[in-house]
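Here is the structure we will look at.
In the UniProt record's numbering, the protein residues as written are 1 to 152.
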């Protein structure tokens, strides 16, 4: 692969690696290790560098999880805030995932209701713990979370 960097002002750019993937579902990932810092300025406004292939690997197809969230049945239990979850496994940790598009209700996290979400994460191994939170947005955004059930 040929790396071409150009700019009209002075800058410094550090590149660790480039990952190239042709097809989102099937093809391997081509990894080009760079590990260089490039300096651009008026005298050198463009850099062209050939980067050899370092590694070919199959993409981690990840894991699919069904998350069922139960909101308590007390006055003021529901929330309109954005709810997020992080899954911690014995091999890795998921990124912060917003729980939206409930399979059960158009308006999730309402009093006395349960909401089911289907999410896909990288392979985290065996689930060890979770962190669930909301952003506090909206009027009376407090939330009474009763329980969470997660299945693979």
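C-beta atoms are modelled at their ideal positions from N, C-alpha and C, and glycine is treated no differently.
Predicted, not measured: the structure shown is a model, and the values here were computed from it.
- Taking 3 residues as the shortest admissible run, the region 25-91 contains the following complete beta strand (DSSP E) segments, listed from N- to C-terminal end: 29-40, 46-50, 55-57, 63-71 and 83-89.
- Using a C-beta cut-off of 8 Å, the region 35-55 makes no contact with the region 72-79, since fewer than three inter-stretch Cβ pairs fall below that distance.
- The DSSP-derived three-state label of residue 114 is strand.
- Pairing residue 90 with residue 128, the inter-Cα distance amounts to about 6 Å.
- Taken atom to atom, the span from the alpha-carbon of residue 110 to that of residue 65 is near 22 Å.
- For residue 6, the enclosing beta strand (DSSP E) begins and ends at 2-6.
- Around the beta-carbon of residue 71, 16 or more other beta-carbon atoms lie within 10 Å, marking it buried.
- For residue 147, the enclosing beta strand (DSSP E) covers residues 145-151.
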